[in-house]
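The structure appears right after this line, and notes come after that.
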Amino acid sequence: MLCLNAAISYRTFTQIETCGSKTGRRDIASKNLGGDNGVNLQFDQTLAIDYSSRSQMIRVLTEEWVKNNIYCPRCGSPEIQRFPNNSAVADFFCPNCGNEYELKSKSGVLGHKIADGAYDTFIRRITSYNNPDFFILNYNADKLCVENVWMIPKHFFVPEVVEKRKPLSPVAQRAGWTGCNILLDKIPEQGRIRIIYGGIPEDKETVLEQVRRSSLLSTDSLEARGWLMDVLDCINRIQKQQFTLEDIYRFEWQLADKHPKNHNIRAKIRQQLQLLRDKGFIAFVGRGIYRKE
Ligand SMILES: [Zn+2]
């Protein structure tokens, strides 16, 4: 048994360190996010006692916590359920709307990337349209409690947000295996929807509205989706509520780098601005002037 495991067992039966203002109180916890703010951020450490691998232990703790504390941000159902182990590509599903979710957990500072599994598998999934939405759970490894949870809707996963890692060395057990990282900072802010932030749950209705709004950015074609996300990302980076066509043309060369086959970047930008206006993300104020909505 690992030292960390032993420490957890010890803490379980002595005193539990807590996070946030209303933690360690399972009586007020379940399925209540965004209501009276009474969410139990603490992992149920008794579940970890039988595990010797740290990664397995964290998986059990985080999955159980999500099952007990997270609602379906697509339809608002108070309950989501876990798929039986190894039976599906996703971790959870909503019994009401059927939407699927995958959980990624990371301790400490979240940083701008999070490791995922095999690169090829991940790319195949996001290009096959049956990819799940993601929950990104950020926890405190000392206190064993949740600090942040974000939901990233499936349509924000385009190949540009997936980074290929170096293949494992020839002497490694899985020589040649190539993993990937999800580049969180490449996902536009509209696709990083806070469910819990700094230990405090966001209002549930606000979360549902943000998910509904973000789904307007969904398109069938992966290429169209990539363009829409890229132009939206440029708009997000303009530090003004109102901006001009010239402001957005400043990103022309960056977009040309990303889309080398397109030889009329400015026309493409204007087309995406129209789409974003039709979807309600920006408004046309006047000739060549736009406003973020
Ligand atoms: Zn649902």
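Numbering (the numbering used here) for the sequence shown: 1188 to 1480.
Virtual Cβ for every residue (Gly too), placed ideally from N, Cα, C.
Quick caveat, the model's predicted, so the values are computed rather than measured.
Leaving aside the five residues before and after residue i along the sequence, list all residues of the same chain whose C-beta is less than 7 Å from its C-beta, in chain order.
i	result
Leu1409	Thr1314, Val1345
Asp1434	Ile1425
Ala1277	Phe1270, Glu1287, Tyr1288, Glu1289, Pro1319
Gln1347	The question names Gln, but residue 1347 is Glu in the sequence shown. Cβ neighbours of Glu1347 beyond the five flanking positions: Lys1373, Gly1413, Lys1445.
Asp1223	For Asp1223, the predicted model reports a pLDDT of 47, less than 50, meaning its position is unreliable; a value from the coordinates is still stated below. Once the five neighbours on either side are set aside, Asp1223 has no close Cβ partner at all.
Cys1190	Note that Cys1190 scores a pLDDT of 41, beneath 50, so its modelled location is shaky; the value from the coordinates is reported in the next line. Answer for Cys1190: no residue qualifies.
Taking all protein chains shown into account, do 16 or more other C-beta atoms lie within 10 angstroms of the C-beta of residue i, making it buried, or fewer, making it exposed?
i	result
Ala1362	exposed
Val1253	buried
Thr1249	buried
Asn1325	buried
Ser1208	Per-residue confidence for Ser1208 stands at a pLDDT of 45, beneath the threshold of 50, marking its modelled position as unreliable; no derived number is given.
Gly1378	buried
Ile1476	exposed
Val1358	exposed
Lys1293	buried
Gln1360	exposed
Asn1227	buried
Asn1423	exposed
His1450	exposed
Arg1312	buried
Gln1232	buried
Asn1256	buried
His1299	exposed
Thr1210	Confidence at Thr1210 is low in this model, with a pLDDT of 40, below 50, so its placement is unreliable and no value can be given for it.
Who are the near neighbours of residue i in its chain, counting only those whose CB is closer than 8 Å to its CB and skipping five residues on each side?
i	result
Ile1380	Pro1260, Trp1337, Met1338, Ile1339, Pro1340, Val1394, Gln1397, Val1398, Ser1401
Tyr1436	Arg1453, Ile1456
Glu1334	Cys1206, Leu1228, Asn1325, Tyr1326, Asn1327, Ile1383, Gly1385, Gly1386
Val1472	Gln1429, Arg1478
Val1349	Asp1303, Tyr1306, Phe1309, Ile1310, Ile1313, Cys1367, Asn1368, Ile1369, Leu1370
Gly1467	Arg1400, Leu1403, Glu1480
Ignore the nearest five residues each way along the sequence and tell me which others in residue i's own chain have a CB closer than 6 Å to its CB.
i	result
Pro1282	Gln1268
Ala1470	Arg1478, Glu1480
Phe1139	The requested residue 1139 does not occur in the structure, where the chain is confined to residues 1188 to 1480.
Glu1439	Ile1452
Trp1140	Since the first and last residues shown for the chain are 1188 and 1480, residue 1140 lies out of range.
His1446	none
Phe1430	Tyr1477
Ile1343	A small correction: the amino acid at residue 1343 is Phe; Ile does not occupy that position in the sequence shown. Ile1374, Gly1378.
Asp1407	none
Ile1323	Lys1291, Trp1337
Gly1221	Here Gly1221 scores only 43 on pLDDT, less than 50, and its place in the model should not be relied on; the value that follows carries that caveat. Pro1388, Asp1390, Lys1391.
Spell out the partners DSSP gives residue i in its beta bridges.
i	result
Gln1268	Phe1280
Met1244	Bridge partners of Met1244: none, in fact.
Gly1473	Ile1476
Pro1388	Ile1383
Tyr1288	Phe1279, Asp1320
Gln1229	Cys1332
Determine, using beta carbons only, whether residue i comes closer than 8 Å to chain D.
i	result
Ser1408	No chain D appears in this structure, which consists of one protein chain only.
Compute every distance between the C-beta of residue i and the non-hydrogen atoms of ligand 3, then say whether any falls below 7 Å.
i	result
Arg1261	This structure simply doesn't include ligand 3; it includes ligand 1 instead.
Quick one: any contact between the stretch 1363 to 1371 and the stretch 1291 to 1308, if contact means 3 or more CB pairs under 8 Å? Touching, per the Cβ criterion.
Can you give, in chain order, each stretch of the beta strand (DSSP E) that sits fully within the stretch 1292 to 1379 and has at least 3 residues? Taking only runs of at least 3 residues, the beta strand (DSSP E) segments lying wholly in the stretch 1292 to 1379 are 1300 to 1305, 1320 to 1327, 1332 to 1339, 1349 to 1351, 1366 to 1370.
Can you find at least 3 beta carbon pairs, one from the stretch 1409 to 1421 and one from the stretch 1460 to 1472, that sit closer than 8 Å? Yes: at least three Cβ pairs fall under 8 Å.
Which runs of the beta strand (DSSP E) spanning at least 3 residues fall entirely within the stretch 1417 to 1441, listed in chain order? Complete beta strand (DSSP E) runs here, min 3: 1429 to 1431.
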